[in-house]
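Numbering (our numbering), first residue to last: 4 to 100. Input: a single structure, listed below in C-alpha cells.
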C-alpha cells in the first residue's frame, strides 16, 4: 500500500506513502532488496491499471473524480502484486523467525 501511495498525484498521499515505507524499512527485517522487489511489482502493476473513478454526491452529470485509495486497495489485491507479496514473504520468512 505504501508503494502505491508514493505514486499518487496528491502530495499528501505521496508523503504518507514515503513515511509509511520508511517505517516499514526501519522496523522490518531482512534484505532491502526483497522490499524493493515488492515495491517495483506495485509500480509495474500501477502502470497497467486504470485509476478508480467515481461521481460525488452532486449532480448526475458531475465529472468523475479519481479515487486513489480505492485504486491502491484494488492494486495490492491484484494477482501480480499478490504473487510478488508471496515471493517477498518467502524470502523474508527466515528473518522473522
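Note that CB positions come from ideal geometry on N, CA and C, so glycine has one too.
Pick from the options that is closest to residue i, judged by C-alpha positions
i: residue 89; options: 98, 68, 41, 74; result: 41
i: residue 79; options: 94, 34, 25, 51; result: 51
i: residue 72; options: 61, 62, 86, 53; result: 53
i: residue 13; options: 68, 48, 32; result: 68
Residue i vs residue j beta-carbon contact at 8 Å
i: residue 39; j: residue 21; result: no
i: residue 63; j: residue 6; result: no
i: residue 48; j: residue 83; result: yes
N- and C-terminal bounds of the alpha helix (DSSP H) containing residue i
i: residue 24; result: 14-30
i: residue 45; result: 35-51
i: residue 87; result: 82-95
i: residue 67; result: From DSSP, residue 67 is part of no alpha helix (DSSP H); its letter is neither H nor E.
i: residue 6; result: 5-8
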